[in-house]
Amino acid sequence: MKILVAVKRVVDYNVKVRAKADGSGVETTNVKMSMNPFDEIAVEEAIRLQEAGTAKEIVAISLGIAACQDTIRTALAMGADRGILVETEVELQPLAVAKLLQAVVDQEKPDLVILGKQAIDDDANQTGQMLAALLGWPQGTFASKVEVGAGTVNVTREVDGGLETVALKLPAVVTTDLRLNEPRFVKLPNIMKAKKKPLAVFKPADLGVDVAPRLITLKVQEPPKRQAGIKVDSVATLVDKLHNEAHAI
Amino acid sequence: MHTPNESAALLDGIRVFIEPAHVRSDPDSCLNYGRDWTRLYTPNPLAVVLPGTVEQVQQLVRYANEHRLALVPSGGRTGLSGAAVACRGELVVSLERMSRILDFDPTDRSVTCQAGVVTEAVQNFARDHGLYYPVDFASRGSSQIGGNIATNAGGIKVIRYGLTRDWVTGLKVVTGCGDLLDLNRGLIKNASGYDLRHLFIGSEGTLGIIVEATLKLTRPLREPSVMVLGVPDLDSVMSLYHILRNKLELSAFEFFSERALRHVLKKGLHRPFDTETPYYVLVEFENPEQLHTDTALALFEHCAEQGWLADGVISQSESQVKELWRLREDISESIAEYQPYKNDVSVRISRVPDFLAEADTLLTQEYPDFEVLWYGHIGDGNLHINILKPVGMNPTAFAQKCGAVSEHLFAILQRHGGSISAEHGVGLTKKPYLHYTRDETEVNYLRAIKQVFDPNRIMNPGKIFD
Numbered sequence: 001m002k003i004l005v006a007v008k009r010v011v012d013y014n015v016k017v018r019a020k021a022d023g024s025g026v027e028t029t030n031v032k033m034s035m036n037p038f039d040e041i042a043v044e045e046a047i048r049l050q051e052a053g054t055a056k057e058i059v060a061i062s063l064g065i066a067a068c069q070d071t072i073r074t075a076l077a078m079g080a081d082r083g084i085l086v087e088t089e090v091e092l093q094p095l096a097v098a099k100l101l102q103a104v105v106d107q108e109k110p111d112l113v114i115l116g117k118q119a120i121d122d123d124a125n126q127t128g129q130m131l132a133a134l135l136g137w138p139q140g141t142f143a144s145k146v147e148v149g150a151g152t153v154n155v156t157r158e159v160d161g162g163l164e165t166v167a168l169k170l171p172a173v174v175t176t177d178l179r180l181n182e183p184r185f186v187k188l189p190n191i192m193k194a195k196k197k198p199l200a201v202f203k204p205a206d207l208g209v210d211v212a213p214r215l216i217t218l219k220v221q222e223p224p225k226r227q228a229g230i231k232v233d234s235v236a237t238l239v240d241k242l243h244n245e246a247h248a249i
Numbered sequence: 001m002h003t004p005n006e007s008a009a010l011l012d013g014i015r016v017f018i019e020p021a022h023v024r025s026d027p028d029s030c031l032n033y034g035r036d037w038t039r040l041y042t043p044n045p046l047a048v049v050l051p052g053t054v055e056q057v058q059q060l061v062r063y064a065n066e067h068r069l070a071l072v073p074s075g076g077r078t079g080l081s082g083a084a085v086a087c088r089g090e091l092v093v094s095l096e097r098m099s100r101i102l103d104f105d106p107t108d109r110s111v112t113c114q115a116g117v118v119t120e121a122v123q124n125f126a127r128d129h130g131l132y133y134p135v136d137f138a139s140r141g142s143s144q145i146g147g148n149i150a151t152n153a154g155g156i157k158v159i160r161y162g163l164t165r166d167w168v169t170g171l172k173v174v175t176g177c178g179d180l181l182d183l184n185r186g187l188i189k190n191a192s193g194y195d196l197r198h199l200f201i202g203s204e205g206t207l208g209i210i211v212e213a214t215l216k217l218t219r220p221l222r223e224p225s226v227m228v229l230g231v232p233d234l235d236s237v238m239s240l241y242h243i244l245r246n247k248l249e250l251s252a253f254e255f256f257s258e259r260a261l262r263h264v265l266k267k268g269l270h271r272p273f274d275t276e277t278p279y280y281v282l283v284e285f286e287n288p289e290q291l292h293t294d295t296a297l298a299l300f301e302h303c304a305e306q307g308w309l310a311d312g313v314i315s316q317s318e319s320q321v322k323e324l325w326r327l328r329e330d331i332s333e334s335i336a337e338y339q340p341y342k343n344d345v346s347v348r349i350s351r352v353p354d355f356l357a358e359a360d361t362l363l364t365q366e367y368p369d370f371e372v373l374w375y376g377h378i379g380d381g382n383l384h385i386n387i388l389k390p391v392g393m394n395p396t397a398f399a400q401k402c403g404a405v406s407e408h409l410f411a412i413l414q415r416h417g418g419s420i421s422a423e424h425g426v427g428l429t430k431k432p433y434l435h436y437t438r439d440e441t442e443v444n445y446l447r448a449i450k451q452v453f454d455p456n457r458i459m460n461p462g463k464i465f466d
C-alpha cells in the first residue's frame with residue numbers, strides 16, 4: 001500500500017500570533033515555523049502503518065514557498081520515504097490545495113491520503129473533504145483510530161454522542177484528529193538520512209492547476225483587548241456592579 | 001513560646017495596623033504557610049500575617065522588635081531546604097498580597113515589582129513586552145520573586161544567563177530594624193561604596209524582608225532547539241559538555257539518569273527514543289531558522305563516533321521543546337512521593353568528573369539498598385543527588401542514615417572546594433553541614449553582618465547558622 005501524507009508549514013503552535021500593522025495578514029518574519037500539528041499526527045499514523053507492514057511507501061507532500069522543504073524534511077526524518085514540493089509564492093486556499101493534491105494523486109496513485117483535519121493557521125477544515133469530493137473517493141474525517149483491512153479502512157471518529165466508526169473502501173481520504181496518536185521525536189541520525197531521501201519539486205503549472213485565490217481577505221486584526229477583572233469585597237458590591245455597571249442582571 | 005492568652009494579645013496588637021482578615025491563626029493557614037516543600041519539620045507558627053503595603057511590613061517588623069517576635073518571611077514556599085519553615089512559634093510573613101507589577105521601562109529594559117509576584121507572572125509580563133526574564137525553573141508557577149531573591153535562585157538557564165543575582169538591579173528591603181532601604185535603584189553602574197543589595201540576595205530572610213525588586217530583562221531566546229542525547233557514562237557527559245559548549249550557543253546543559261527518567265515515564269511521559277542508556281543530556285541552543293542544525297548534526301556524528309553518545313533526538317517545534325524539557329523538569333515532582341533526601345551540591349566544572357567518580361563510588365557503597373537518582377545542571381557544576389526513601393522505612397531513621405552518608409559526601413566535596421548547597425540554600429536542612437563550605441571565621445563574619453541588620457535576632461532565626 002502506498003500512502004500520501006500532506007504536511008503544511010505553519011506558524012508554530014506556541015508562538016503568540018500578531019496581526020501585521022497594515023491589516024494584510026499575520027506577522028511571519030522572525031517567527032518560528034513548524035509542521036501543522038495535525039499533519040504531524042498524519043505522518044506518524046502513516047509511519048505506524050508502515051511499521052506494521054501495512055504500508056510499503058510513504059510520500060510526504062507540501063505546497064507553498066521553497067521553505068516548505070524544511071517541513072517535508074521533517075516528515076522524511078520521521079520516516080516518510082520521499083517528498084514532493086509543489087512550489088508557489090501564491091497564497092494557497094483550500095480549493096487550490098485540494099486540486100493540486102488531486103493532480104498529484106492522479107500521478108502517484110496512492111491507496112490512502114492522510115491529512116490533518118485542519119491547519120492551525122487558517123483553521124479552514126476543508127482540504128480533506130474537497131479532495132475526497134474531487135477524487136470521488138470516500139472520506140473518514142476527524143480520525144481518532146485508523147484500522148486498515150483488505151481493501152478497506154475503518155475510521156473511528158469522536159462525535160458528540162461518543163465514537164462513530166465508518167468503513168471506507170480504498171482508495172480513501174482520512175483526516176486526523178488530535179487523539180489519533182502521539183507523534184514521535186525526530187532522531188538525529190534520521191535527519192541525516194532524510195537529507196539523502198529524494199524530494200521532487202513541481203510548479204502548479206506543471207500539474208495544470210489554476211491556484212489563483214477565490215477568496216479575498218479584507219482585513220486581519222487583533223481581537224479587542226479584554227478589560228482586566230476586579231475583585232469585590234462583598235456580595236452586595238458584586239450585585240450592584242452586575243446590575244449597574246455590567247447590566248447583566 | 002507564648003501562652004494562648006499572650007498569643008491572642010500579640011495578634012490583636014497586629015490587627016491594629018493590619019486588617020484582621022489578614023492575620024490568620026487557623027490550623028489550615030498555619031499548616032500551609034508554616035512549611036515549604038520539605039516535609040521533615042512539623043509546622044507550628046504562631047500565626048500568618050499577610051501585609052498589603054510596605055508600611056505595614058515596616059510596622060510589623062517594628063512590632064516584632066518590640067515584642068521579640070520571630071518572623072519567617074514567606075514567598076511561594078517552594079524551597080527545598082526548610083528556610084521558609086516556621087516550626088518554633090514564629091510569625092509567618094507572607095508577601096503574597098503584594099503581587100503587583102509597579103513599573104516597566106522599555107529603555108532600561110527593566111521591570112519593578114512587589115516581592116509577592118509569582119515568577120511566571122514576571123516571565124509572562126516580559127514576553128508580552130517582547131522581552132525575556134531568563135531565571136527559570138520547574139516551580140515557576142508558584143515561586144515568588146521575593147523568595148527567588150532571598151535564595152538567589154538558579155534553575156535551568158544558569159549556564160547562559162546566570163543566577164537571580166545577575167538580574168536584580170534594585171531592591172527595596174525592610175531591615176530587621178524596621179528601616180526601609182532603597183538599594184541601587186536600578187543602576188547598572190554604582191561605585192559608591194558597599195552594595196548592600198547583594199547581601200540581601202541569598203540571605204534567606206535572615207537580614208530583613210524584601211518588599212520590592214527591580215529586575216533586568218533581556219531579548220528572548222531565538223527559536224531554541226532542544227536535543228536529548230543518550231549517554232553511556234559520566235565521563236562522556238563531560239566530553240559532550242566541552243564540545244557542545246564550544247560549538248553551539250547553549251542556554252541549557254542538563255543531565256539526568258535512566259533511573260530518574262523512569263520515574264517521569266511512570267507519570268505518563270514517553271521515552272524520547274527507544275535506546276536505553278544510563279545517562280541522558282538535555283541540550284538547548286539558539287537555532288534561528290535552523291541555522292545551526294547542521295552544526296548540531298555534525299557534532300552528533302562526531303560524538304557518536306567517539307562513543308560519547310548512543311542515540312538522540314532534536315525538537316522540530318516549540319511544542320516538542322516543551323515536551324522534551326518535561327523529561328528533565330518533571331523529575332522532582334515525580335519523585336516527591338518517595339520523600340527523597342535531597343543533596344544539591346556544586347563544584348567547579350573542572351572538578352565535576354573527579355567529584356562524580358568519587359561520589360558515585362561512595363553512594364554505591366553506602367546506599368546499596370536505596371535508590372539514588374542523579375540529575376542536575378551539570379553545565380553549572382551543580383548536581384542534584386536524590387536518595388529515595390524505601391517504602392515503609394521510618395522517615396526519621398531514613399533521614400539519620402542519609403545524614404550520616406552526607407558527612408562522607410561533603411568531605412569529598414570539601415576536598416574539591418565545592419559547596420553543600422548550590423542553589424537550594426542552607427535553611428534548616430543544610431545548617432549542620434555549613435562548615436564543610438564556610439569555615440568558622442567566615443561564619444563569624446556572617447553572624448556579625450546579621451547583628452547589624454537584625455540586632456534583636458527576629459529575622460528567620462535559626463536558619464543558615466545559629
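Chains as they are written, first to last, in full-length UniProt numbering: chain Y, 1 to 249; chain S, 1 to 466. The beta carbon of each residue, even a glycine, is placed where N, CA and C say it ideally should be.
Exposure of residue i, with buried meaning 16 or more beta-carbon neighbours within 10 Å
i	result
Y/L242	exposed
S/L196	buried
S/Y194	exposed
Y/R214	exposed
S/D454	buried
Closer than 7 angstroms at the beta carbon, the chain S residues around residue i
i	result
Y/T28	In chain order: nothing, as chain S lies at least about 12 angstroms away.
Cross-chain neighbours of residue i in chain S, by beta carbon under 8 angstroms
i	result
Y/I34	It is Ser, not Ile, that sits at residue 34 of chain Y in the sequence shown. Neighbours of Y/S34 on chain S, chain order: Q316, S317, E318, S319.
Y/T152	Those do not exist, as Y/T152 stays about 30 angstroms from chain S at its closest Cβ, beyond 8 angstroms.
Y/T74	Q316
Y/I191	T293, L297, I314
Y/D70	Q290
Inter-residue spacing [alpha-carbon to alpha-carbon] between residue i and residue j
i	j	result
S/S319	Y/T74	14 angstroms
S/V352	S/G381	6 angstroms
Y/C68	Y/V113	19 angstroms
Y/D210	Y/P204	7 angstroms
Y/V173	Y/P138	6 angstroms
Y/A248	Y/R226	17 angstroms
S/W37	S/E329	16 angstroms
S/T78	S/F104	27 angstroms
S/C402	S/N386	10 angstroms
S/Y367	S/E358	14 angstroms
Y/D70	Y/V155	30 angstroms
Y/K197	S/R39	55 angstroms
S/L171	S/S192	16 angstroms
S/Q339	Y/N14	34 angstroms
Y/V97	Y/K117	14 angstroms
Y/G79	S/H416	47 angstroms
S/G307	S/S317	28 angstroms
Of the listed residues the options, nearest to residue i (C-alpha basis)
i	options	result
S/I156	S/I209, S/H384, S/Y194	S/H384
Y/E45	Y/I84, Y/G136, Y/K2	Y/K2
S/R97	Y/N244, Y/L188, Y/K231	Y/K231
S/V321	S/V111, S/P272, S/V391	S/P272
Y/D22	Y/K219, Y/R48, Y/A98, Y/G53	Y/K219
S/H270	Y/D206, Y/F185, Y/G208, Y/S234	Y/F185
Y/T175	Y/Q126, Y/Q93, Y/E108	Y/Q126
S/H2	S/V313, S/G76, S/S74, S/G89	S/G89
S/E55	S/S203, S/I188, S/V173	S/V173
Interface residues of chain Y facing residue i [CB-CB closer than 9 angstroms]
i	result
S/E270	Position check: residue 270 of chain S holds His in this sequence, whereas Glu was assumed. Chain Y residues near S/H270: E182, R184, F185.
Interface partners of residue i on chain S, CB under 9 angstroms
i	result
Y/N14	S317, E318, S319, V321, K322
Y/D39	What Y/D39 touches in chain S: nothing, since even the nearest Cβ is about 11 angstroms away.
Where residue i meets chain Y, residues with beta-carbon distance less than 7 angstroms
i	result
S/M98	The contacting residues do not exist; S/M98 stays about 15 angstroms from chain Y at best.
S/E223	K32
Three or more C-beta pairs closer than 8 angstroms, one from the stretch 248-258 of chain S and one from the stretch 373-391 of chain S: is that the case here? yes
Is there contact between the stretch 56-67 of chain S and the stretch 130-142 of chain S, where contact requires at least three CB pairs shorter than 8 angstroms?
no
- request: Please confirm if the stretch 270-283 of chain S is in contact with the stretch 226-240 of chain S, defined as three or more CB-CB distances below 8 angstroms between the two stretches.
  value: yes
At a cut of 8 angstroms, does the stretch 405-419 of chain S reach the stretch 339-348 of chain S through at least three beta carbon pairs? yes
query = Quick check: the stretch 135-147 of chain S against the stretch 17-30 of chain S, are there 3 or more CB pairs under 8 angstroms?
reply = no
Quiz prompt | Three-pair Cβ contact test at 8 angstroms for the stretch 54-65 of chain Y versus the stretch 127-141 of chain Y | solution = no
- Pair every Cβ in the stretch 38-52 of chain S with every Cβ in the stretch 2-13 of chain S, then say whether three or more of these pairs are closer than 8 angstroms. yes
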